[in-house]
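To get this note's numbering, take the position in the sequence shown, counting from 1, and add 43.
Note that beta-carbon positions come from the ideal geometry of N, C-alpha and C, so glycine has one too.
Please read these numbers as outputs of a predicted model, since none were measured by experiment.
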Amino acid sequence: LAGQWLACAGICFTPIYPSVAAFALAFLLFRLFDILKPWPISAAEKLPGGMGVMADDMLAGLAAGIIAGVVHYFRVI
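And the structure:
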């Protein structure tokens with residue numbers, strides 16, 4: 044849940060009013076990164092205990108938030 048909040052935060056920090064499509068993009072990107080787990084996310088998952096579970100979700104949300112925020116800022120979506 045915290046990772047999804049980070050993904051949506053990337054859109055909220057742009058000066059453009061958020062759209063439903065932008066939040067949908069953030070959700071889809073978060074799920075994509077959370078499922079595929081590219082390199083930095085997969086490395087964070089290996090941290091001990093619950094820290095690894097939280098860290099990989101937070102990194103997936105951060106990556107999704109940055110990409111969704113940039114896409115939204117340049118009005119691609």
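- Under the 8 Å Cβ criterion, the region 60-77 counts as touching the region 98-115, having at least three qualifying pairs.
- Just measuring C-alpha positions, the residue of Pro-61, Leu-49, Gly-46, Ala-45 sitting nearest His-115 is Pro-61.
- Judged by beta-carbon spacing, Ala-52 lies within the 8 Å limit of Gly-108, meaning their Cβ atoms are closer than that value.
- Judged by DSSP secondary structure, Pro-83 falls within the alpha helix (DSSP H) whose first and last residues are 82-88.
- Rounded to the nearest angstrom, the Cβ distance from Asp-100 to Lys-80 is 11 Å, too far for a contact under 8 Å.
- Bounds of the alpha helix (DSSP H) holding Leu-102 are 93-116.
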